[in-house]
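K.L.:
Numbering (the working numbering), first residue to last: 13 to 379.
For every residue, glycine included, the Cβ atom is placed at its ideal position computed from N, Cα and C.
For clarity, every value in this text was computed on a predicted model and none was experimentally measured.
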Amino acid sequence: MAEKTTLPEGAIYNAEALQLNDEVIDMLMLLDYETRFCTKELKPMSRAFFAYAAQNPAHQFKYFTQVVVWSLTLMKLQADWDEYDDPNTVITNMLVILKDCGVQVNAVPGKLKQGYGDSVCLVLHSLLREVLRRVGFEWGAPSYPDEGLADEAEVDSDAEIQSVGEDEMPGDGEEDDLMYQEEEVKKKGGDDDEDEDKGVLESSIDPKQWLLEVERVAPKLKIQLPTDSKEWRTHLQQTRGYKQVIETQFPNAKAQLEKLSGNLTNALERIRSKEAFINTQFDHRALDYRQQQEELAQVQTQYTERNEFVMSLQIELKNVSEELEVVKTEMEERSTTVTDTAPIVKMKEPLRVCCRAEVDVGRPGVL
13 MAEKTTLPEG AIYNAEALQL NDEVIDMLML LDYETRFCTK ELKPMSRAFF AYAAQNPAHQ
73 FKYFTQVVVW SLTLMKLQAD WDEYDDPNTV ITNMLVILKD CGVQVNAVPG KLKQGYGDSV
133 CLVLHSLLRE VLRRVGFEWG APSYPDEGLA DEAEVDSDAE IQSVGEDEMP GDGEEDDLMY
193 QEEEVKKKGG DDDEDEDKGV LESSIDPKQW LLEVERVAPK LKIQLPTDSK EWRTHLQQTR
253 GYKQVIETQF PNAKAQLEKL SGNLTNALER IRSKEAFINT QFDHRALDYR QQQEELAQVQ
313 TQYTERNEFV MSLQIELKNV SEELEVVKTE MEERSTTVTD TAPIVKMKEP LRVCCRAEVD
373 VGRPGVL
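1) Within 8 Å, do at least three Cβ pairs link the region 99-115 to the region 43-52?
2) Check SER58 in the structure and name its three-state DSSP category.
3) From GLU227 to SER58, what distance separates their C-alpha atoms?
4) Could you have a look at MET87 and say whether DSSP puts it in helix, strand or coil?
5) Establish whether the CB of GLY274 and some CB of chain D are separated by less than 8 Å.
6) What would DSSP say about TYR128, mapped onto helix, strand or coil?
7) Use the C-beta contact count for TYR96: other C-beta atoms within 10 angstroms, 16 or more gives buried, fewer gives exposed.
8) Using the Cβ count rule (16 or more neighbours within 10 Å means buried), how would you classify ASP179?
9) What's the gap between the Cα of ALA70 and the Cα of THR77?
10) Report buried or exposed for GLY377, applying the criterion of at least 16 other Cβ atoms within 10 angstroms of its Cβ.
11) By the three-class DSSP mapping on this structure, what secondary structure does GLU53 have?
12) Tell me which same chain residues have a C-beta within less than 7 Å of the C-beta of LEU32, skipping the five on either side of it?
13) VAL81 and ALA91: beta carbons closer than 8 Å?
14) Grab me the residues of SER347's own chain with a C-beta within less than 8 Å of its C-beta, minus the 5 sequence neighbours each way, in chain order.
15) Measure how close the beta-carbons of LEU124 and ILE103 come, nearest whole angstrom, since I'm counting them as under 8 Å.
16) Taking a contact to mean a Cβ-Cβ separation below 8 Å, would you say LEU139 touches VAL120 in this structure?
17) Does THR353 come out as helix, strand or coil in the three-state DSSP assignment?
18) Is the distance from the Cβ of ALA65 to the Cβ of ASN26 below 8 Å?
19) May I have the straight-line CA-CA distance separating LEU54 from GLU150, to the nearest angstrom?
20) Tell me the rounded alpha-carbon separation between ARG302 and GLN126.
21) Determine the extent of the alpha helix (DSSP H) in which GLY274 is found, giving its start and end residues.
22) By the three-class DSSP mapping on this structure, what secondary structure does ASP34 have?
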């Protein structure tokens, strides 16, 4: 029994991306992308290819960018990025060229870098609509086939299916005759069936539509049996599968790596040559710069020494100023003591008293 197909997280609520992806496929088929775009590596995609994350995100992002490049070529525009560029650079240049050609898309670059989701489907949908407009495609009115309605037979809802009434039940003698008649009818019907089986079968289905339907339904019909990782047969089968994948993918990967190696080698050679040219052109400037650096170091050393000397002189000046203040204080105290006349005034009073006493002693008759 086949297991139930599990969708990625958020798939149930991603109806808008599914609808946009479905319309993108229809527009690509109108542009005949199966023969003009698809290759062995980029095969026709399913109707939910860009709605959910794929098992190989790099391949999904490459498919998205290649579809954009092919659509731009249909509008006679050239994409200014390479398949080996950084994804951020690719997305930035893509949004710039889409804006220049008149395709207005409100998409976040971070979501476009994933290669799937609403933003990717919206970009492709808007771009392909612009492509169809520029190539002159117009949608026609839908035409419906004229199908006559079949007359329905009257059905007794109360009657049981394949039931027979009691009056129509065969009797005991009629049962053998009824069985014989049924055998004759089966023989005649068998001859007609054999003739029909030997006839040529003709199908009116388009092979391309059939292949697309098979590709869409095939993943849902795969049976995934539980495997024991410890069994040696499983390891051997996995090893053979990995070997086959490596053998098929290695030539293309090797060619791409060799091309990338050549591009990197050329880039390194150009960098080395530019570096040598810059060194030769700016050698004298570098020498002047080193000399100026040495002179600057000498000046800084002298500045440090002079600064230390100035600091020592400032400290000495501070000490001398403090000593000067002390001397000034002492001089002020001494000057105040010298100019003070209060002791002299005190000495004059006793002197006057003594003089009066002597005068009184010198007079006659005065004791």
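P.N.:
Working from what's here:
1) Cβ pair count under 8 Å is below three, so no.
2) Assignment of SER58 by DSSP, reduced to helix, strand and coil, places it in the coil class.
3) In a straight line, the C-alpha of GLU227 is about 7 Å away from that of SER58.
4) Residue state, collapsed to three classes: coil.
5) Checking the listed chains, one finds no chain D in this structure; it contains a single protein chain.
6) In the structure shown, TYR128 sits in coil (DSSP, three-state: anything other than H, G, I, E or B).
7) Looking at its Cβ environment, which holds fewer than 16 other Cβ atoms inside 10 Å, TYR96 is exposed.
8) With a pLDDT of 49 at ASP179, under the threshold of 50, the modelled position of this residue cannot be trusted, and the question is left open.
9) Straight-line spacing of the CA atoms in ALA70 and THR77 works out to 11 Å.
10) Unreliable positioning characterises GLY377 in this predicted model, as indicated by a pLDDT of 49, which lies under 50. A coordinate reading is not provided.
11) Coil.
12) Excluding residues within five positions, the ones whose Cβ falls inside 7 Å are CYS133, LEU134 and HIS137.
13) Taking 8 Å as the Cβ cut-off, VAL81 and ALA91 qualify as a contacting pair.
14) Hits under 8 Å: none found.
15) Confirmed, Cβ separation roughly 5 Å.
16) Cβ distance not < 8 Å, so LEU139 and VAL120 don't count as in contact.
17) Coil, per DSSP.
18) The Cβ-Cβ distance between ALA65 and ASN26 does not fall below 8 Å.
19) Approximately 28 Å, taken between the alpha carbons.
20) Their Cα atoms are separated by approximately 50 Å.
21) Run containing GLY274: 244-293, per the alpha helix (DSSP H) assignment.
22) Assigned with DSSP and collapsed to three states, ASP34 falls in helix.
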